[in-house]
Amino acid sequence: MQKDNWDAIFVGAGITSLACAAILVKKNSDLRLLIVDKHIVPGGYASVFKRPKVEAIFDCSLHKLSGMSEGGNLNRILEDLDLFDDLDLIYPPDYFCSCNDQEHLVLKNNADLMEEQLCQRFPHETDSIRLFFEQVRTYGRDGYYQFQMLNGTFEPNMEQLRYAHKNLKKVTVEEGLDQLFDDPYLKEILAAPGIYVGGYPEDLGYLYYLHVVYATLNRGNAYVKGASQHLSNVLVGRIEANGSKVLLSHHVNKILVEDDQVIGIESKKGNFYSNRVYINASPHYALDNLFEQNENLDAVKEKLTSLKPARSTTTLYVATDIAPEELGLKFTESMIFSKLLSKSGEFRKIAQASGYKESESEMAFWFNSPMEVTNYHLLDKEGGKVICLNILDSIEHWPKRRTPEYREKKSRASDIMLARLIEQFPQLKGHIVFKELSTPRTYVRFTNNTAGSGYGAMVGTDLSGHVFHHRFPIKGVDFVSAWVAGPSYEAAFGYAENKANKWSFV
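With this note's numbering, the residue at position 142 of the sequence shown is 169, and numbering never jumps.
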């Protein structure tokens with residue numbers, strides 16, 4: 028491997044790095060880009076792991092792609108990259124199945140149809156439902172096309188834009204839904220897509236959230252056959268086709284700097300040089316571990332104190348002996364809600380107030396918060412009879428790895444999550460042949476993400492920390508990850524495109 032100058036080096040082979048590099052080499056095939064990652068596969072969370080004994084392939088992330096219909100940003104970017112010939116996409120008919128106390132409400136994967144469906148199910152909330160979906164179509168749409176707004180290709184209604192920023196910018200999802208609705212079940216349903224971006228209603232900003240709903244529901248969603256790893260592999264193929272390189276199993280020790288100008292990176296397998304370095308990693312980790320002491324970075328670290336990690340997850344990977352859909356799990360995605368609907372947020376606040384003590388946290392997150400269930404067998408039968416159960420969690424109540432307490436807690440979490448699943452889909456009982464749990468500690472181990480965040484930074488009502496990288500004191504350093512782009516694949520590709528468009532090819 029050559030160790031001479033590269034046009035740019037990416038630290039971390041997460042999806043934002045891969046997307047940005049793929050866009051750059053499409054614009055200029057002469058560019059020599061290097062992507063370095065400590066893991067054995069590319070993609071970061073956009074990867075899989077295999078368990079051959081049960082013929083199962085498990086996706087490390089929810090790979091539901093938003094913006095995949097006409098007018099969708101991700102749809103357009105994938106078209107620009109000529110990727111559709113290499114991707115087999117599955118467009119599910121349902122948004123998700125809402126499960127509450129044995130009621131299964133299958134929500135249509137269409138904004139207008141879902142609006143009518145909810146009005147029929149909750150007739151006492153009809154006016155507020157209409158208003159919510161109108162907010163999605165207006166304020167959510169404006170947020171969705173933010174980059175086009177900046178480059179002049181999308182012109183918003185300035186009056187509604189000013190109203191939104193004045194009246195909704197400091198409102199949480201919890202507050203926004205409380206202002207509109209009384210029915211606790213309806214509020215849980217409308218807040219459930221927060222799991223796509225790593226936040227509960229009390230965590231996320233309402234204005235941001237309207238854009239999340241617009242992205243996933245109004246602009247379409249799809250899954251990649253072959254899981255997220257296939258998307259990552261396709262991007263790597265495009266990057267390496269013209270001389271750029273993705274190096275795996277290369278742990279980066281340090282960013283090399285001379286006179287406040289980046290000159291490259293130091294890895295365990297050698298040094299690589301470039302005057303441009305893009306960091307696809309938690310910025311907290313990067314500043315604490317990849318840079319030598321530099322007083323010019325103190326102000327950046329101070330800004331970072333306001334950049335809060337999104338929730339981590341506790342994820343249970345399950346394999347069955349019979350296709351899950353033959354055992355009652357007939358939907359691509361289901362959301363299982365607590366029986367104590369009006370208490371779920373209260374339980375989480377009690378857990379936080381306790382300092383995330385064990386019993387309070389398990390009651391809040393495992394028993395009483397929404398659990399997302401994905402039937403991957405419906406998406407790709409070649410991946411095995413696989414189900415993925417996902418709950419937003421906090422690392423604070425998890426013991427250190429490789430301790431008896433940690434192993435006991437993992438077993439307890441598995442039992443609780445499986446019990447919730449089987450309560451809603453009792454035909455699954457006796458057909459679970461494999462289970463494996465990933466915890467917030469697992470995600471720290473593999474990604475170095477602060478607090479095991481599964482989604483980068485939390486997008487709440489305080490956005491001051493999100494500009495930590497503006498006017499970064501070391502020239503040539505930039506950040507590309509969910510910590511700056513925002514959660515979701517579409518946000519990663521959109522931010523990557525924006526960064527690539529700022530590259531000077533002169």
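Heads up, the beta-carbon is just placed ideally off N, CA and C, and yes, glycines get one too.
Apart from the five residues just before and just after residue i, which ones in its own chain have a Cβ nearer than 6 Å to its Cβ?
i, result
"Met28", "In this predicted model, Met28 has a pLDDT of only 42, less than 50, meaning its place in the structure is not dependable; the value taken from the coordinates is given anyway. Cβ within range, chain order: n/a, list empty."
"Ser255", "Ala73, Asp86, Ser88 and His90"
"Leu58", "Asp34, Leu51 and Val52"
"Gly479", "Ser339, Ile422, Pro467, Tyr470 and Val471"
"Pro69", "Ala40, Ser259, Val263 and Val273"
"Gly247", "Met95, Ser96 and Gly99"
Around the C-beta of residue i, are 16 or more other C-beta atoms found within 10 angstroms, so that it is buried, or is it exposed?
i, result
"Leu237", "buried"
"Tyr171", "buried"
"Arg497", "Reading off the sequence shown, one finds His at residue 497, where the question assumed Arg. Answer is exposed; the Cβ neighbour count stays below 16."
"Val486", "buried"
"Asp169", "buried"
"Ile117", "exposed"
"Tyr190", "exposed"
"Val400", "buried"
"Leu354", "buried"
"Val533", "In this prediction, Val533 has a pLDDT of 41, which is less than 50 and means its spatial position is unreliable; what the coordinates show is noted afterwards. Exposed: under 16 other Cβ atoms inside 10 Å."
"Lys196", "exposed"
"Asn178", "exposed"
"Ala249", "buried"
"Asp286", "exposed"
"Gly270", "exposed"
"Met444", "buried"
So, helix, strand or coil for residue i, using DSSP?
i, result
"Gly226", "coil"
"Asp210", "coil"
"Ala523", "helix"
"His131", "strand"
"Val494", "helix"
"Ile336", "It should be pointed out that residue 336 corresponds to Pro in this sequence rather than to Ile. Pro336 falls in the strand class under three-state DSSP."
"Gly70", "strand"
"Arg78", "strand"
"Ser535", "This structure gives no information on residue 535, because the portion of the chain shown stretches from 28 to 533."
"Gly297", "strand"
"Cys87", "coil"
"Thr153", "helix"
"Lys272", "strand"
"Glu399", "strand"
"Leu234", "helix"
"Met95", "coil"
Can you tell me which of the options puts its alpha carbon nearest to the alpha carbon of residue i?
i, options, result
"Asn402", "Phe123, Asn100 and Val52", "Phe123"
"Gly38", "Ser294, Ser259, Gly411 and Gln206", "Rather than Gly, the amino acid found at residue 38 in this sequence is Val. It is Ser294 whose Cα lies nearest to the Cα of Val38."
"Ala46", "Ser465, Asp107, Gly98 and Phe76", "Asp107"
"Leu110", "Leu177, Ala49 and Ile156", "Ala49"
"Ile349", "Asp209, Pro211 and His458", "His458"
"Lys296", "Asp112, Lys281, Val75 and Gln288", "Lys281"
"Gly411", "Leu213, Gly41 and Val81", "Val81"
"Gly253", "Leu114, Ala509, Pro514 and Pro426", "Leu114"
"Pro514", "Gly203, Val224, Leu60 and Arg164", "Val224"
So, using beta-carbon positions, are residue i and residue j closer together than 9 Å?
i, j, result
"Gly226", "Val200", "yes"
"Tyr344", "Cys415", "yes"
"Leu258", "Tyr166", "no"
"Pro120", "Asn102", "no"
"Glu517", "Gly99", "yes"
"Ser93", "Ala242", "yes"
"Leu368", "Asn194", "no"
"Asn395", "Thr342", "no"
"Phe181", "Gln187", "no"
"Val63", "Ile363", "no"
"His278", "Lys65", "yes"
"Ile222", "Leu419", "yes"
"Arg447", "Met390", "no"
"Asp209", "Glu152", "yes"
"Arg303", "Ile36", "yes"
"Asn55", "Tyr300", "no"
"Pro228", "Leu244", "no"
So, for residue i: in the same chain, excluding its five sequence neighbours on each side, which residues have a beta-carbon less than 7 Å away from its beta-carbon?
i, result
"Arg148", "Leu132"
"Lys437", "Leu464 and Thr466"
"Phe160", "Ala138 and Glu142"
"Ala440", "Thr341, Trp393 and Leu464"
"Trp530", "Leu51"
Near residue i, what residues of its chain come up, given a Cβ to Cβ distance below 8 Å and the 5 sequence neighbours on each side ignored?
i, result
"Tyr312", "Asn475, Asn476 and Thr477"
"Gly492", "Lys330, Leu331, Thr332, Ser333, Leu334, Lys335 and Ala484"
"Lys526", "Cys47, Tyr305, Asp505 and Val507"
"Ile67", "Leu275 and Ser276"
"Leu314", "Leu324, Val327, Lys328 and Leu331"
"Val284", "Ile290, Phe318, Glu319, Asn321 and Ile501"
Is residue i close to chain B, meaning its C-beta is less than 9 Å from at least one C-beta of that chain?
i, result
"Gly503", "In the displayed structure, chain B is absent; only one protein chain is listed."
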